[in-house]
Amino acid sequence: MTRRLLAAVLVSTLPLATGEAKTTAVSNGTACSNLAALTIPGVTIRTATAVAAGPFTPPGATAAMTLPAFCRVEATARPTTDSEIKFEVWIPPADAWNGKLEGVGNGGYSGAIGYAAMAAGLRRGYAVASTDTGHAGDDMKFGQGHPEKIVDWAYRSVHVMTEASKVVVRDAQGRFAEHAYFVGCSSGGHQALSEAQRYPEDYDGIIAGDPANNRIRQTFGFLYSWVATHTPDGRAIIPQSKLSLLTHAAVEACDALDGLKDGIIDDPRRCHFDPSKLACKGGDEAGCLTAPQVDAARKMYEGLKNPRTGEQIFTGWPRGSEGFGENPIQSWGQYVMNPPEPMRVGFFRYFLFHDPNWDYRTIDYDRDLAYAEQKLPFMAAVEKDLTPFRKHGGKLLMYTGWADPVVPPQDTVAYYDAIVKANGGLERTRDFYRFFIAPGMGHCSGGPGPNQFDALTALEQWVEKGAAPEKLTASHVTNGKVDRTRPLCLYPQVARYKGTGGSDDAANFTCVTEAPTTPVRRTSTGAQRN
Ligand SMILES: [Ca+2]
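Start counting the sequence shown at 0; every next residue gets the next number (numbering that gives the first Met the number 0).
Below you can see the structure in the form of structure tokens.
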């Protein structure tokens, strides 16, 4: 069913729903338990249950979360005969509802409803919706022989969830939500951009964090980086301890390039730290890198090039992202070094080649990329003309971390630069699409840089009051205490220390526009200066 047709069918069911509502509800809405009788084409409402304020333990969780009262609706959408898209809608009571709907995004290939994100939205007074994207679990085998389930994961599930959730909320409250927002990071960021590109009318405001939207090339990048950093028998060449060593050395070399020695590389594009500076003089030791380790690190920074044409297929990972934290996701550990095979090799086995035994050593980066982009173009969300979303009045707030070890931030920057070009320049683009980069932030959170900020309030102000965000104020928190704040500036502006007052206080920084990065000069220390 096309989107337009589905919307028409949904609208045509509304008068009936309104009639029911008037006979059963205290307010203008339908009583929670009666929502189970709601009819939406292609959607089955499985349960509708009033949940009292207090502890609530989501399915699959061991710990309870404390929530305000809400109406919990569990539903399944089947836009194709092979689809089984589970989603939930949580609706606050009329007197607690802020009049808005928030769709929340997913992580990885996760077939799991995002209960924690739903809880956060509900506490703010939102009606919230989340989907399992049409399958259970993070394993990519679900796509083997199920092309429609791949489409459900790639973009359809969020749209179907959104359209149905609007109707569920409308029936529960007796009126449509005044605004709809989507909030996601990582795969959720991919979903966010996909919504703006494919379904520009779904949301009025969208937050896309560390978006994995260049999904096909990112997957080729994962495969290449794994092969480049593992021995032929599959052992990681760089141990975790040496990932931290690399970060320490990169920060030491490039920290001061931004004029402030604060343990943060402000813009890794200006940092050209050469890992050979750490080369062992003799044998392998804890404080140095062997020749294969130097080579592996270089390839991580350089990224994947087409072996035939030399084209950069996918960017490398930034200096400063190697190993800055204890958790494997705060390093190249979780997505590159630690997996026994290339991360997301299932893309090739189950989605592309339909061969569970496909050997990643046989990849041809030229031929197979062309094939993948021809066969599965819907896996990526890289459309650059966002005119329909702009015309809808939508606002898009995108952010990323300059130390992201999972989704390379340079790719997000390249995408935004291309968006600016395709949408009439920076000023016209900023009217509806703004980008903020957090120096020293990891993947969606964490890292030495300030990485906690309230993007949703900024987006609300923009959509509802017309106050476009000029900067976001981010905090760094250690053991529950804020120990540093910093403005995240409107790209391409950067935060510069004013020269007086504490350098851990956002008030002592100003956002300035710097000249674009120019070709850099290699110095004897390996650091680079313009
Ligand atoms: Ca610095």
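No residue lacks a Cβ here, since even glycine has one placed at the ideal position from N, Cα and C.
None of the values given here were measured: they were computed from a predicted structure.
Helix, strand or coil for residue i per DSSP?
{"i": "Asp137", "result": "coil"}
{"i": "Thr308", "result": "coil"}
{"i": "Met378", "result": "helix"}
{"i": "Ala437", "result": "strand"}
{"i": "Tyr415", "result": "helix"}
{"i": "Pro387", "result": "helix"}
{"i": "Ile342", "result": "The residue asked about is misnamed: residue 342 is Met in this sequence, not Ile. If DSSP states are grouped into helix, strand and coil, Met342 belongs with coil."}
{"i": "Glu284", "result": "coil"}
{"i": "Ile44", "result": "strand"}
{"i": "Ser156", "result": "helix"}
{"i": "Ile149", "result": "helix"}
{"i": "Ile215", "result": "helix"}
{"i": "Thr174", "result": "The sequence as given places Arg at residue 174; Thr does not occur at that position. Coil, per DSSP."}
{"i": "Phe55", "result": "strand"}
{"i": "Trp357", "result": "coil"}
{"i": "Gly98", "result": "coil"}
{"i": "Lys480", "result": "strand"}
{"i": "Gly183", "result": "strand"}
{"i": "Lys21", "result": "In this predicted model, Lys21 has a pLDDT of only 40, less than 50, meaning its place in the structure is not dependable; the value taken from the coordinates is given anyway. Three-state result, Lys21: helix."}
{"i": "Pro468", "result": "coil"}
{"i": "Pro327", "result": "helix"}
{"i": "Gln143", "result": "coil"}
{"i": "Thr161", "result": "helix"}
Would you call residue i buried or exposed, if buried means 16 or more other Cβ atoms sit within 10 Å of its Cβ?
{"i": "Ser275", "result": "exposed"}
{"i": "Thr80", "result": "exposed"}
{"i": "Asn212", "result": "buried"}
{"i": "Pro317", "result": "buried"}
{"i": "Asn27", "result": "exposed"}
{"i": "His353", "result": "exposed"}
{"i": "Lys99", "result": "buried"}
{"i": "Val168", "result": "buried"}
{"i": "Asp261", "result": "buried"}
{"i": "Ala278", "result": "exposed"}
{"i": "Arg483", "result": "buried"}
{"i": "Tyr415", "result": "buried"}
{"i": "Thr132", "result": "buried"}
With a threshold of 8 Å (Cβ to nearest heavy atom), would residue i be considered close to ligand 1?
{"i": "Ala255", "result": "yes"}
{"i": "Leu259", "result": "yes"}
{"i": "Asp273", "result": "no"}
{"i": "Asp384", "result": "no"}
{"i": "Ile436", "result": "no"}
{"i": "Gly262", "result": "yes"}
{"i": "Lys265", "result": "Sequence inspection shows Asp at residue 265; the Lys mentioned does not correspond to that position. Indeed, a heavy atom of ligand 1 lies less than 8 Å from the Cβ."}
Go to residue i, then tell me how far its alpha helix (DSSP H) extends in each direction, as first and last residue.
{"i": "Val293", "result": "Ala290 to Glu301"}
{"i": "Met117", "result": "Tyr114 to Arg122"}
{"i": "Arg427", "result": "Leu425 to Arg429"}
{"i": "Thr456", "result": "Ala454 to Lys464"}
{"i": "Lys241", "result": "Gln239 to Cys253"}
Could you give the first and the last residue of the continuous beta strand (DSSP E) run that contains residue i?
{"i": "His189", "result": "It is not in any beta strand (DSSP E) - His189 instead sits in the alpha helix (DSSP H) that spans Ser186 to Arg197."}
{"i": "Tyr496", "result": "Gln492 to Tyr496"}
{"i": "Glu533", "result": "The displayed coordinates of the chain run from 0 to 529. Any statement about residue 533 would go beyond what the structure contains."}
{"i": "Asn65", "result": "The sequence shown places Thr at residue 65, not Asn. Where Thr65 is concerned, the enclosing beta strand (DSSP E) stretches over Met64 to Leu66."}
{"i": "Tyr398", "result": "Lys394 to Gly400"}
{"i": "Thr552", "result": "Coverage of the chain is limited to positions 0 through 529, which leaves residue 552 absent and any answer about it impossible."}
{"i": "Phe347", "result": "Here Phe347 belongs to no beta strand (DSSP E), and DSSP marks it neither H nor E."}
Can you give me the Cβ contacts of residue i inside the same chain, cut-off strictly under 6 Å, excluding the 5 residues immediately before and after it?
{"i": "Thr499", "result": "none"}
{"i": "Tyr432", "result": "Leu395"}
{"i": "Gln239", "result": "Gly332"}
{"i": "Tyr108", "result": "Asp137 and Met139"}
{"i": "Met342", "result": "Phe221 and Tyr334"}
{"i": "Ala35", "result": "Ile44 and Ala47"}
{"i": "Trp89", "result": "Phe69, Arg71, Met117, Leu121 and Val127"}
{"i": "Gly345", "result": "Met139"}
{"i": "Asp294", "result": "none"}
Closer than 7 Å by C-beta to residue i: which residues in its own chain qualify, once you throw out the five before and the five after it? Chain order, please.
{"i": "Lys470", "result": "Pro486, Leu487, Cys488, Leu489 and Cys510"}
{"i": "Leu368", "result": "Phe219 and Ile312"}
{"i": "Gln492", "result": "Cys510, Val511 and Thr512"}
{"i": "Leu531", "result": "The chain is shown only over 0 to 529; residue 531 falls outside these bounds and no answer can be derived."}
{"i": "Gly315", "result": "Met299, Tyr300, Glu301, Gly302 and Pro407"}
Who are the near neighbours of residue i in its chain, counting only those whose CB is closer than 8 Å to its CB and skipping five residues on each side?
{"i": "Val406", "result": "Ser185, Gly188, Asp209, Pro210, Ala211, Gln217, Thr399 and His442"}
{"i": "Gly310", "result": "Note on identity: in this sequence residue 310 is Glu, with Gly being the wrong assignment. Closer than 8 Å at the Cβ level, and outside the excluded window around Glu310, lie Lys304."}
{"i": "Ile418", "result": "Lys383, Leu385, Thr428 and Tyr432"}
{"i": "Lys374", "result": "Leu351"}
{"i": "His158", "result": "Arg2, Glu194, Arg197, Tyr198 and Asp201"}
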